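So the structure is just underneath, and the comments pick up after that.
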Amino acid sequence: MLIDYDTIVLILDRIKYIVVSASAVIISLLWIPVAVSFFTDDENIKYKAMQRLKNAAIGTIIYLMAATGTIYIIFMYIVTGRP
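Numbering (the UniProt record's numbering), first residue to last: 1 to 83.
Structure representation (C-alpha coordinates):
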(Lines of atoms letter the chains of each structure in order from A and count residues from 1; the text may use other names and numbers.)
(Lines give C-alpha, C1' and ligand atoms only; values in the text may rest on other atoms or scores of the structure.)
Protein backbone atom coordinates (compact mmCIF):
# COMPACT_ATOMS: atom_id res chain seq x y z
CA MET A 1 0.00 0.00 0.00
CA LEU A 2 1.43 3.33 -1.07
CA ILE A 3 0.71 6.57 0.78
CA ASP A 4 0.45 9.62 -1.43
CA TYR A 5 2.20 12.92 -0.85
CA ASP A 6 -0.92 14.80 0.29
CA THR A 7 -1.56 12.29 3.06
CA ILE A 8 2.01 12.61 4.33
CA VAL A 9 1.72 16.41 4.33
CA LEU A 10 -1.52 16.22 6.30
CA ILE A 11 0.03 13.85 8.84
CA LEU A 12 3.08 16.10 9.27
CA ASP A 13 0.87 19.17 9.68
CA ARG A 14 -1.15 17.40 12.36
CA ILE A 15 2.05 16.38 14.18
CA LYS A 16 3.28 19.98 13.96
CA TYR A 17 0.05 21.30 15.52
CA ILE A 18 0.25 18.73 18.32
CA VAL A 19 3.87 19.67 19.08
CA VAL A 20 3.07 23.39 19.04
CA SER A 21 0.09 22.87 21.35
CA ALA A 22 2.12 20.81 23.80
CA SER A 23 4.87 23.44 23.76
CA ALA A 24 2.37 26.18 24.49
CA VAL A 25 1.04 24.25 27.49
CA ILE A 26 4.53 23.62 28.84
CA ILE A 27 5.56 27.26 28.44
CA SER A 28 2.36 28.53 30.04
CA LEU A 29 2.88 26.21 33.02
CA LEU A 30 6.37 27.67 33.34
CA TRP A 31 5.10 31.25 33.39
CA ILE A 32 2.01 30.91 35.65
CA PRO A 33 3.90 30.92 38.99
CA VAL A 34 6.03 33.85 37.84
CA ALA A 35 3.00 35.92 36.89
CA VAL A 36 1.13 35.12 40.10
CA SER A 37 4.11 36.18 42.22
CA PHE A 38 3.94 39.75 40.91
CA PHE A 39 0.45 40.31 42.38
CA THR A 40 1.50 40.51 46.02
CA ASP A 41 2.29 43.28 48.49
CA ASP A 42 5.32 41.51 49.96
CA GLU A 43 8.52 43.01 48.55
CA ASN A 44 10.52 39.87 49.29
CA ILE A 45 8.22 37.75 47.13
CA LYS A 46 8.37 40.37 44.35
CA TYR A 47 12.17 40.25 44.43
CA LYS A 48 12.08 36.46 44.14
CA ALA A 49 9.62 36.86 41.28
CA MET A 50 12.13 39.03 39.42
CA GLN A 51 14.75 36.29 39.80
CA ARG A 52 12.25 33.69 38.60
CA LEU A 53 11.35 35.97 35.69
CA LYS A 54 14.94 35.88 34.45
CA ASN A 55 15.10 32.09 34.85
CA ALA A 56 11.75 31.61 33.10
CA ALA A 57 12.77 33.85 30.18
CA ILE A 58 16.04 32.00 29.71
CA GLY A 59 14.26 28.65 30.02
CA THR A 60 11.67 29.68 27.45
CA ILE A 61 14.33 30.73 24.95
CA ILE A 62 16.27 27.50 25.42
CA TYR A 63 13.09 25.43 25.11
CA LEU A 64 12.00 27.20 21.93
CA MET A 65 15.45 26.81 20.39
CA ALA A 66 15.49 23.12 21.23
CA ALA A 67 11.96 22.53 19.93
CA THR A 68 12.51 24.35 16.66
CA GLY A 69 15.89 22.71 16.15
CA THR A 70 14.40 19.28 16.65
CA ILE A 71 11.56 20.00 14.26
CA TYR A 72 14.03 21.32 11.69
CA ILE A 73 16.20 18.19 11.94
CA ILE A 74 13.18 15.89 11.55
CA PHE A 75 11.90 17.73 8.49
CA MET A 76 15.34 17.86 6.90
CA TYR A 77 15.69 14.10 7.46
CA ILE A 78 12.32 13.52 5.79
CA VAL A 79 13.10 15.80 2.85
CA THR A 80 16.74 14.90 2.18
CA GLY A 81 17.07 11.49 3.81
CA ARG A 82 20.13 12.66 5.75
CA PRO A 83 20.31 13.74 9.41
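In this text, a Cβ means the ideal position worked out from N, Cα and C, and glycines have one as well.
All of these numbers come straight from a predicted model, not from anything done at the bench.
- Query: How is ARG52 classed by DSSP in three states: helix, strand or coil?
  - Reply: helix
- What is the DSSP secondary structure of LEU2, reduced to helix, strand or coil? coil
- ILE27 beta carbon less than 8 Å from that of THR60: yes
- Task: Assign ALA66 to one of two classes, buried (16 or more other C-beta atoms within 10 Å of its C-beta) or exposed (fewer than that).
- Result: exposed
- Return the Cβ separation of ARG52 and VAL34 in integer angstroms, given the expectation that the two are a contact with Cβ distance under 8 Å. About 5 Å; that satisfies the 8 Å criterion.
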